[in-house]
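Peer 1: Each residue of the sequence shown is one higher than the one before, starting from 36 at the first, in this note's numbering.
Even for Gly, the Cβ is constructed at its ideal location relative to N, Cα and C.
Could you have a look at this structure, given as structure tokens, before my questions?
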Amino acid sequence: MNNQAFKNNLYRLLKKDSRLWDDEKKELNETLLKDLIDKLDEKLIELLLSDKETKGKFFIKIKDVFVLKQNDLKFFIDENKLDNSYTQYQNKIGLRVGNKLLSERDEVVLNWPFKDCVLEGGMTKEDQKRNEIFFNEVLAKDEIDRLYDSKALVNWKRYTAKGKKKVKELKRDKDGTIRENLIIKGNNLLALHSLKEQFAGKVKLIYIDPPYNTSTSANTFAYNNTFNHSSWLAFMKNRIEIARELLTDDGLFVTAIDHYEMFYLGVLADEIFGRDNRLGVIAAVHNPGGRQDDKFFPTAHENILFYAKNINNANIYTLGLSEEKLKQFKLQDKYGKYKLRGFRRSGNNSNREDGQGLYYAIYFNPKKNDISLDRTNGFVEILPIDDRGVEKCWRWGRDTFLKKMDKYIEIKKVGDKFDIYVKERECDYTGEKAKTIWTNTKYTGQTGTNSLKILFGKKIFTYPKSPYMMKDILKITTKENDIILDYHAGSGTTAHAVLELNKEDGGNRKFILVEQMNYINTVTCPRVQKVMQKENIDDSFLYVELAKWNEEAKEKILKAKSLGELEKMFDELYERYFLNYNVETKKFKEKILKEEEFKRIGLNKQKKLFVEMLDMNQMYVNFSERADKKYKLSKEDIALSEKFYNSK
């Protein structure tokens, strides 16, 4: 059987699996297919074994067992593209088609959203299942030359509770570190590399809520959740590696994730940070009722992974007292609020013989409210003997009792005798350690949605995090002057929590957010400003964008409504922007664009081919080329970029 016949046979075979066939697009879902291959899906393997040709090509027999050659099958899919002639046109145009898995190469994954949108809460199930299209670009390290250079920064604005202002200066502390809240629009991988020059070794906490690589309706459409497994891992690895460089010596990296990729992300983070620097995993209940469209176990929680840059320097602080615990301190005196606890020990190791030096008499004068350890006329003797006559012991020895009795001891008459109590004071409690399961009802997704609704008056975002949960993460990981980075900023929950916690404890924490979606201007920035207004917070944040170049061309491509529009902009692409050196522009313009087969592959794949022609090293303007007039950067943006990078 020749290759084309084999390809057609495999195509017909896979169409039998209803999970893989998209009736609307009339094509196979290759992303899901590769995911099923990775997972050694039983139904898929059974299907492939049912055909003599696919059984012979993609399986190896070991004794009596047939083992799927996963890599061979993936390579065949990549080289032949079962659903259309997309790869054929990649080759015709001169675009490279890889022949190795990401796990076998050192590669970078960039993510380019197809359309920037604001997603409203309360979507129907049908809304949630609609196809949102995103493009990924995979670059081998030998293809990268200028990608990681620091980028020029444009469109500077300073937001305060009262409005927007022009940016004239950047605030720095005594050691030269920028002390500004920052919100940066642009690709987060490139933004991280741009931040490295100024913030390497200065960020105390990095918290991210990355795109979950799941095929269920719980995915967050504002991100790309159509990564296949290996691409997703490379995407995460690229960003975590550079993020680690930004952490202080006692810094912490914290990431939320669901169970689909938890084990793999954990192994990846073990590799980057070192297994010994894994502090723990918290299960945070965000949907107490469970997600009922899950096939087996309704998901009620997400996982939060904690890593230290160096475990020997790391600290996890207490959460403070919960509202329930605070309610227990009902009594008050001149020293503050307190609650009472019996001074006589109870339970294990509470008998007289268990506590050396802890059995002694205490003398009390109820008329004068005097306490003494010396036998005195008119004083009642009190011994640590329980109601059954068993000799127990006190909680403290004599010296400690004498030192603390004025502030911490209270004696009350109970029936016909006197009992001694310790005043446990609210001010002496540093708080509770965070446990590995968080069940606070304020951590739910509904709380996150409502917190935004209160600010905006309507539902404007899908699956926002609860600011209460984020605030508790900040409490156990940061102190009042720390810098916090979130490079999957979303709706801005991290900044919201930073501002509120600063107000509560008088701190001066600073946040850095990175987001590339356009809702940064309709949700993220307005939200942070509204929090400052609502809480009467005298603070500000700087908004800035990575200066676009080929990114600008990409956005034009993705906005095109037809192949005709794409054709019209092609001249501008190769005259004004940077195309890959190996793109055969003349052949593409004069021949390929006119082929009927090219027209049939569909607009989205046509757009993807146009995007792939762009040189990904040139997506944004490098800071080193800020003065080049072809980029048309303003004098103000150039000057502020120089101030940001501390360059003259």
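With a Cβ-Cβ cutoff of 8 Å, do G371 and E306 count as a contact?
Peer 2: no
Peer 1: Can you tell me which of the three DSSP states K664 falls into?
Peer 2: helix
Peer 1: Assign Y616 to buried or exposed, taking buried as 16 or more other Cβ atoms, counted over all protein chains shown, within 10 Å of its Cβ.
Peer 2: exposed
Peer 1: Leaving out the 5 sequence neighbours to the left and right, which residues in its chain are closer than 8 Å to T239 when beta-carbon positions are compared?
Peer 2: Note that residue 239 corresponds to Lys in the displayed sequence, not to Thr. Cβ neighbours of K239 beyond the five flanking positions: L282, T283, D285, G286, L287, T512, T513, K514, D517, I518, I519.
Peer 1: Is R193 closer than 8 Å to K206 when the C-beta atoms are compared?
Peer 2: It is not a contact, given that the beta carbons lie outside the stated cut-off.
Peer 1: When burial is assigned at 16 or more other CB atoms within 10 Å of the CB, is Y395 buried or exposed?
Peer 2: So Y395 ends up on the exposed side.
Peer 1: Taking all protein chains shown into account, do 16 or more other C-beta atoms lie within 10 angstroms of the C-beta of L354, making it buried, or fewer, making it exposed?
Peer 2: Counting the other CB atoms within 10 Å of its CB gives L354 a total of 16 or more, which places it among the buried residues.
Peer 1: Grab me the residues of K634's own chain with a C-beta within less than 7 Å of its C-beta, minus the 5 sequence neighbours each way, in chain order.
Peer 2: L598
Peer 1: Would you mind listing the alpha helix (DSSP H) stretches within the segment 275-312 that are 4+ residues and don't spill past its ends, in chain order?
Peer 2: 297-308
Peer 1: Any chance the segment 672-680 sits against the segment 603-613, with 3 or more Cβ pairs inside 8 Å?
Peer 2: no
Peer 1: Where R313 and R279 are concerned, what is the direct C-alpha to C-alpha distance, given to the nearest angstrom?
Peer 2: 14 Å
Peer 1: Please name the residue, chosen from R544, F399, G91, K477, that lies closest to Y456 on a Cα-to-Cα basis.
Peer 2: F399
Peer 1: Contact check, L577 vs S526 under 8 Å by CB: the rounded distance?
Peer 2: So it is not a contact: roughly 19 Å between Cβ atoms.
Peer 1: So that I know if they touch, is there some Cβ in chain D lying closer than 8 Å to that of Y456?
Peer 2: Absent from the structure: chain D. Only one protein chain is present.
Peer 1: On the criterion of 16 or more Cβ atoms from any shown chain inside 10 Å, does R611 qualify as buried, or is it exposed?
Peer 2: For R611, the number of other beta carbons within 10 angstroms of its own is below 16, and it is reported as exposed.
Peer 1: Where in the segment 311-379 do unbroken runs of the alpha helix (DSSP H), each at least 4 residues long, occur, reported from the N-terminal end onward?
Peer 2: 358-361
Peer 1: Since I believe A269 is in contact with I351 (beta carbons under 8 Å), could you give me their beta-carbon distance rounded to a whole number of angstroms?
Peer 2: The Cβ separation is near 30 Å, so there is no contact.
Peer 1: Output needed for I241: all residues of its chain with C-beta closer than 6 Å, excluding positions within five of it in sequence on either side, in chain order.
Peer 2: A278, F288, L520
Peer 1: Go ahead and pull the three-state DSSP assignment for E619.
Peer 2: Of the three classes helix, strand and coil, the one that applies to E619 here is coil, per DSSP.
Peer 1: With a cut-off of 8 Å on the beta carbons, I'd call H336 and A318 a contact; round off their distance for me.
Peer 2: 5 Å
Peer 1: Express the C-alpha separation of L182 and S266 in angstroms, rounding to a whole number.
Peer 2: Roughly 19 Å between the two C-alpha positions.
Peer 1: Taking the Cβ atom as the reference point for each residue, do N216 and F613 lie within a distance shorter than 8 Å?
Peer 2: no
Peer 1: What's the gap between the Cα of T255 and the Cα of P499?
Peer 2: Because the pLDDT of T255 is 39, which lies under 50, any placement of that residue in the model is unreliable, and the number read from its coordinates should be weighed accordingly. Rounded to whole angstroms, T255 to P499 spans 9 Å at the Cα level.
Peer 1: What residue from V100, G221, P502, A674 has the CA that sits closest to L548's CA?
Peer 2: Comparing C-alpha distances from L548 to each of V100, G221, P502, A674 shows the shortest one belongs to G221.
Peer 1: How many whole angstroms separate the CB atoms of N585 and D672, which I take to be in contact at a CB cut-off of 8 Å?
Peer 2: Taking the Cβ atoms as the reference, N585 lies roughly 18 Å from D672, outside the contact range of under 8 Å.
Peer 1: DSSP beta-bridge partners for G198?
Peer 2: T195
Peer 1: I think L22 touches V189, with their Cβ atoms under 8 Å apart; what is that distance to the nearest whole Å?
Peer 2: Any answer about residue 22 is impossible in this case: the structure gives the chain only from 36 up to 683.
Peer 1: Using the Cβ count rule (16 or more neighbours within 10 Å means buried), how would you classify S501?
Peer 2: buried
Peer 1: What's the call for R379, buried or exposed, on a 16-neighbour Cβ count within 10 Å?
Peer 2: Its Cβ being crowded by 16 or more others within 10 Å, R379 is buried.
Peer 1: Quick one: residues in its chain with C-beta nearer than 7 Å to the C-beta of K506, no 5 flanking neighbours on either side, listed in chain order?
Peer 2: A532, E535, L536
Peer 1: In the structure shown, what three-state DSSP assignment does K603 receive?
Peer 2: helix
Peer 1: Have a look at the DSSP bridge pairing and note the partners of N400.
Peer 2: D405.
Peer 1: Hey, L82 and K90 are a contact pair by Cβ (cut 8 Å); roughly how many whole angstroms apart?
Peer 2: About 10 Å; that fails the 8 Å criterion.
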